[in-house]
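Colleague: First the structure, which I've put down as structure tokens, then a few questions once you've had a look.
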Amino acid sequence: MAQAIVADLDRLPDDAWVKVRVIAKLRSCHVSTIWRDVKNGRFEKPFKTTANNAAWRVGTVRQALRRTA
Numbered sequence: 001m002a003q004a005i006v007a008d009l010d011r012l013p014d015d016a017w018v019k020v021r022v023i024a025k026l027r028s029c030h031v032s033t034i035w036r037d038v039k040n041g042r043f044e045k046p047f048k049t050t051a052n053n054a055a056w057r058v059g060t061v062r063q064a065l066r067r068t069a
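Take 1 as the starting number for the sequence shown in our numbering and just add one per residue.
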């Protein structure tokens, strides 16, 4: 599922939501690296969508990826 979203990321609206696995695939790293970067302030904090679930808005992810590229 994450692979399909990565392929279609350019077509998603800025207000769509993506989970950590999608961001990890985009950055070619492990999920734990994303969480470490969030903790250390190197990547945006996600929104808590439920008690055990977090997601980022696609627009926020695009901006963050441009800054780190």
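Glycine residues also receive a C-beta, built at the ideal position from the N, C-alpha and C atoms.
Have a look at the DSSP bridge pairing and note the partners of F43.
Modeller: The residue labelled residue 43 in the question sits at position 43 within the sequence shown. None, per the DSSP bridge assignment.
Colleague: Roughly how far, in whole angstroms, is the beta-carbon of A51 from the beta-carbon of W17, given that I think they are within contact range, below 8 Å?
Modeller: For this step, residue 51 is matched to residue 51 along the sequence shown. For this step, residue 17 is matched to residue 17 along the sequence shown. Actually they do not touch by this definition, with Cβ atoms about 16 Å apart.
Colleague: Out of L65, K48, T68 and G59, point me to the one whose CA is closest to R11's CA.
Modeller: Locating residue 11 in the sequence shown gives position 11, counting from the first residue. Residue G59 is the option with its Cα nearest to R11.
Colleague: Starting from R27 and walking both ways along the alpha helix (DSSP H), at which residues does that stretch end?
Modeller: Against the sequence shown, residue 27 aligns to sequence position 27. Per DSSP, R27 belongs to the alpha helix (DSSP H) from V20 to R27.
Colleague: Does DSSP put A55 in a helix, in a strand, or in coil?
Modeller: Along the sequence shown, read from residue 1 onward, the residue named residue 55 stands at position 55. Strand.
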